[in-house]
Each structure stands twice: as structure tokens, then as C-alpha cells.
Amino acid sequence: MISKLFPGRVIPVTFLVLLLAACQLDSISLPGTGNSSNGGGSSSGSGRDSHDDNDYSDNDFLHGNDSLLTDSSCAPTGSGTDYPVGPGQSYASISEVPWGELGPGDTVRIHYRPEPYREKIVISTSGSEDDPIRICGVAGPNGERPVLDGDGAANDPDDS
């Protein structure tokens, strides 16, 4: 399935793990960024979790380690741009998000919809340790999670 999502492309394993985890969890925090459920503290006034010494493996993300959950609202951090995707949101589809322009602190919130998102994602920019680029799923009214399915995924029109 991964080769169908990213044919002919090499992507960092950390991003791939983050993307897969975002599809399975309501929201995640990156390794080493800390959060209130894993011993990290909040920075004063920023609403952002501060750095701590926790060292999580990629398996923690793949197997749904609940200690990595932040809050279920997937709220934007305030330090970057919010990109809400889904029915009734600013972006109707994943391909409308300007992936090549994402920067530190940006949050892409993919809202639940009954049908899977069949689109490809390519990120060519970087966040920072203090301001990561976050991609997270927002649950539906009954706790349903958004599904990203690479089978039959459409290419980004700008990726020709």
C-alpha cells in the first residue's frame, strides 16, 4: 500500500510513521516533545508541550501507545497555520492543502468523513523540534476516525 501512496519517492521513515499514527490516533505528539500524559510539561502561556527526555520508538506510534496521545480535539497550537480538511471545513480535500508551503507549527487536521480520503500526501518542508508540522485526525461524532487509503489514490495536480 505504501508503494501505491508514494510511487518512486523516498520519504523519511519518521514522517511515514507519523502519518500512519495520525490515521490511527486522534492526535499524537512527536518523540521527545513531551505532554502531560507522559511526564512533559507545558510551556508557560504557549499551549505547546515542552521538550522532555522521553525517547519513544517508532513501534510506540505503530502500536497505538496511548501515552503518546495529546488531546482528542487536535487543536492548533497557535504558532502556525491551521489547515482543517473535510466536510464543511476550509479545505474539502487533502490535495487542497498547500503541502509544499507547510512550515514550523502548522497543523493539518483531517476530519472524519464516511468515505476514505483517496489522495496522496507529499511533504517537502520541515518543522522544528519546538514547532513540528502536525498532521492529525479529528474523530467523527461517534468516535469514527478518518481513513487515508492509498488504493486508487489520486495524484496531486501540481505533482505532474
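The opening position of the sequence shown corresponds to residue 15 in our numbering, with each subsequent residue numbered one higher.
C-beta: ideal position from N, C-alpha, C; glycine also.
Practice task
Consult DSSP for Ile108 and reduce its assignment to one of helix, strand or coil.
Solution key: helix
Taking 7 Å as the limit between beta carbons, can you name the residues of its chain near Thr95, skipping five residues before and five after? Asp120
*DSSP three-state call for Gly151: helix, strand or coil?*
strand
Look at the Cβ atom of Cys150, then the Cβ atom of Ile124, and state whether they are nearer than 9 Å. yes
ask   = Leaving out five residues before and five after Gly157 in sequence, what residues of the same chain have Cβ atoms less than 7 Å from its Cβ?
value = none
Check your understanding: When the Cα of Lys134 is compared with those of Thr91, Ser104 and Gly114, which residue comes out closest?
Key -> Gly114
Check your understanding: Within this structure, are the beta carbons of Gly10 and Leu116 separated by less than 9 Å?
Key -> Missing from the structure shown is residue 10; the chain here goes from 15 to 174 and no further.
Run through DSSP, which three-state label would Glu115 get?
helix
Exercise for the section: Enumerate in chain order the residues of its own chain whose CB-to-CB distance from Pro9 is below 8 Å, with the five nearest sequence positions on each side excluded. Expected result: In this structure the chain extends from 15 to 174, so residue 9 is not present and cannot be described.
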